[in-house]
Amino acid sequence: MQESSSYDFIIAGSGCAGLSLLVQILAEPSLRDKKILLIDREQKNSNDRTWCFWETKPGPFESVVKKQWDELWFRSMTLSRLFKLHPYKYKLIRGLDFYQYCESLISRASNVERRIETVTDVGEDARGPYVESEAGKVYATYVFNSLLFEKPVMGKNEYYLLQHFRGWLIETPVPAFDPKQATMMDFRTSQHHGATFVYVMPFSETEALVEYTLFSRDLLQDGEYVSGLKNYIEQRLGITDYQVKEEENGVIPMTNFAFSRGRGGLVNIGTAGGQTRGSSGYTFQFIQRHSAAIVRALRQGKSPLLPLTGREKRAAFYDSVLLDILYNETLPAHEIFTRLFARNEPVKVLRFLDKDNTIPEDFRLVSSLPTMPFLKAAIKQF
Ligand SMILES: Cc1cc2nc3c(=O)[nH]c(=O)nc-3n(C[C@H](O)[C@H](O)[C@H](O)COP(=O)(O)OP(=O)(O)OC[C@H]3O[C@@H](n4cnc5c(N)ncnc54)[C@H](O)[C@@H]3O)c2cc1C
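Be aware that the sequence shown starts at 86, since it is given in the numbering used here, and climbs by one per residue.
Set out below in structure tokens:
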């Protein structure tokens, strides 16, 4: 096996986390001379996912936001609530637009080298942090790793649920949507397979992305996603004449497993670094924040291996409690989310999901939920 020359940074994985970090490093003047290697087993050139998230200001990927909304619907069998998002905007980015934008920045950066290789290991030995592939080991001052080599093994009171979904981009011959209002969650669908909801992102009066989403232990049969989508489009949206232009499938782990942040010069990022929120699957904004914090540390000459903040620890505890309830089906998800959106300012719910609330705000929100099941799960998880 060959050992090749050193880099300042190696980024393993050119998905959301790898590219977000790279873009933020390239934007930092004090890091412009750093020699960077980006490794992935594939070129990212397909529209393999869509990211939805909310923020108050323009972010680093503002130029590729396809659509943003100021108003959102929450719906269940017992609640229909349209809420204004101010100060947030709910934004949507198509994966392909994101990859192409990052690619255009990378192609202009002479300090970035690209390799298409399958990585077999990442770690740290006497020479420092490394990435290993069939071509050998490569070393760097810091390795930023977004690869998950295997499914984590759960310990006591740790849960691993799947958030799985199928989305259709549909087009109708006549106006069928209000493009100013998106649907964040609509639980008015069968809950037979577990926690199930649909979200609807209208791009125009005649085009929308409709995603049928579940939180459960197992995936469904192919036809079950299709019938879930068809039923919702016909029965809830009242649309019978439409064409499916694109399809999206995905699985996101929802777990309270404590992913390692890394050690020494090996820094885990993205889902592999614990940036997926265990109780919601939201990841995009946490990746942006983590990337910004890493760049800040590097600029200040500090280690980018950042300890968990108090807010992150608190949020991890809430995630464990909620996952305990969802996994053991102590309370149905539609009831939990209906209570949250009925009894609180929806913007506070968004802040909670973003880990941005203060302790008293968290307390008010949590106390709007049924006490006994949450207390029991909290004691167990404590
Ligand atoms: C379909 C879908 C939709 C999602 N929608 C949202 C959303 O709306 N909002 C939100 O906040 N989150 C969403 N997520 C969750 C999360 O934002 C994404 O999964 C995000 O892409 C995670 O970033 P990542 O870099 O950790 O992983 P990825 O983006 O999956 O990147 C990992 C990279 O590693 C590469 N790789 C893997 N193994 C190897 C190997 N052995 N050798 C070399 N390369 C390898 C892969 O090719 C890939 O490019 C979604 C996820 C999916 C799957």
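All residues carry an ideal CB built from backbone N, CA and C; glycine is no exception.
What are the boundary residues of the beta strand (DSSP E) that includes residue i?
{"i": "GLY221", "result": "221-230"}
{"i": "VAL329", "result": "328-340"}
{"i": "VAL380", "result": "No beta strand (DSSP E) contains VAL380, which is instead part of the alpha helix (DSSP H) from 369-384."}
{"i": "VAL259", "result": "Where VAL259 is concerned, there is no enclosing beta strand (DSSP E), given that its DSSP letter is neither H nor E."}
{"i": "THR205", "result": "204-210"}
{"i": "ASP303", "result": "Run containing ASP303: none; DSSP gives neither H nor E here."}
{"i": "SER289", "result": "280-289"}
{"i": "TYR215", "result": "213-218"}
{"i": "SER165", "result": "165-169"}
{"i": "ASN353", "result": "351-353"}
{"i": "ASP125", "result": "121-125"}
{"i": "ILE201", "result": "197-201"}
{"i": "VAL150", "result": "150-154"}
{"i": "GLN266", "result": "266-271"}
{"i": "THR135", "result": "135-140"}
Among residues of its own chain, excluding the 5 on either side of residue i, which ones have a beta-carbon nearer than 6 Å to its beta-carbon?
{"i": "ALA462", "result": "VAL406, ASP409, ILE410"}
{"i": "TYR184", "result": "LYS129"}
{"i": "LEU294", "result": "GLY252, LEU254, MET286"}
{"i": "GLU140", "result": "none"}
{"i": "THR268", "result": "TRP158, TYR284, VAL285"}
{"i": "GLN328", "result": "GLU256"}
{"i": "GLN370", "result": "PHE138"}
{"i": "LEU181", "result": "ASN132"}
{"i": "LYS151", "result": "LEU177, ARG179"}
{"i": "GLU296", "result": "PHE250, GLY252, TYR284"}
{"i": "GLN360", "result": "THR368, PHE371, ILE372, HIS375"}
{"i": "ARG261", "result": "The residue you asked about is not Arg; residue 261 is Ala in the sequence shown. Correct list, in chain order: ILE324."}
{"i": "ARG200", "result": "ILE124"}
{"i": "TRP136", "result": "ILE178, PHE369"}
{"i": "LEU122", "result": "TYR92, ILE95, GLU198"}
Got a sec? Which residues, its chain only, sit under 7 Å from residue i by beta carbon, not counting five neighbours each side?
{"i": "ALA357", "result": "ASN230, SER231, LEU232, LEU233, PHE344"}
{"i": "TYR244", "result": "THR340, ASN341, LEU408, ASP409, TYR412"}
{"i": "PRO258", "result": "ASP326"}
{"i": "PRO389", "result": "TYR227, VAL352, ILE379, ALA382, LEU383"}
{"i": "LEU190", "result": "VAL108, LEU111"}
{"i": "TYR310", "result": "ARG251, TYR297"}
{"i": "LYS465", "result": "ASN242, ASP409"}
{"i": "ASP404", "result": "ASN341, ARG362, GLY363, SER364"}
Hey, is residue i's beta-carbon within less than 8 Å of any beta-carbon in chain B?
{"i": "MET239", "result": "Reference to chain B is not applicable here, since this structure consists of a single protein chain."}
Buried or exposed, going by whether 16 or more other CB atoms sit within 10 Å of the CB of residue i?
{"i": "THR394", "result": "exposed"}
{"i": "LEU425", "result": "buried"}
{"i": "VAL238", "result": "exposed"}
{"i": "MET86", "result": "Residue confidence for MET86 is low, a pLDDT of 48 falling below 50, so the modelled location carries little weight; the figure read from the coordinates is stated next. Burial call: exposed."}
{"i": "MET457", "result": "exposed"}
{"i": "GLY221", "result": "exposed"}
{"i": "LYS330", "result": "exposed"}
{"i": "GLN109", "result": "buried"}
{"i": "THR163", "result": "exposed"}
{"i": "PRO214", "result": "buried"}
{"i": "SER195", "result": "exposed"}
{"i": "ALA97", "result": "buried"}
{"i": "SER364", "result": "buried"}
{"i": "GLY313", "result": "buried"}
{"i": "PHE448", "result": "exposed"}
{"i": "SER192", "result": "exposed"}
How close, in whole Å, do the beta carbons of residue i and residue j come, if the pair is a contact with beta carbons under 8 Å?
{"i": "LEU106", "j": "ILE318", "result": "Not really, about 38 Å apart at Cβ, beyond 8 Å."}
{"i": "VAL228", "j": "VAL204", "result": "Rounded, the Cβ-Cβ distance is 10 Å, inconsistent with contact."}
{"i": "LYS433", "j": "GLU446", "result": "6 Å"}
{"i": "ILE372", "j": "GLY355", "result": "6 Å"}
{"i": "PHE30", "j": "THR298", "result": "Residue 30 is absent from the model: the chain starts at 86 and stops at 467."}
{"i": "SER289", "j": "PRO264", "result": "5 Å"}
{"i": "PHE272", "j": "ARG160", "result": "7 Å"}
{"i": "VAL149", "j": "ILE178", "result": "6 Å"}
{"i": "LEU416", "j": "PHE437", "result": "Rounded, the Cβ-Cβ distance is 17 Å, inconsistent with contact."}
{"i": "GLY103", "j": "GLU209", "result": "Actually they do not touch by this definition, with Cβ atoms about 19 Å apart."}
For residue i, which residues from the same chain have a beta carbon less than 8 Å from its beta carbon, with the 5 sequence-adjacent residues on both sides left out?
{"i": "ALA468", "result": "Beyond the ends of the chain as shown, which are 86 and 467, falls residue 468; an answer cannot be given."}
{"i": "ARG346", "result": "VAL352, ASN353, GLY358, GLY359, LEU390, LEU391, PRO392, LEU393"}
For the alpha helix (DSSP H) holding residue i, just list the boundary residues, first then last.
{"i": "LYS461", "result": "456-466"}
{"i": "LEU181", "result": "180-192"}
{"i": "GLN109", "result": "101-111"}
{"i": "PRO431", "result": "431-438"}
{"i": "PRO445", "result": "444-451"}
{"i": "PHE426", "result": "418-428"}
{"i": "PHE402", "result": "395-412"}
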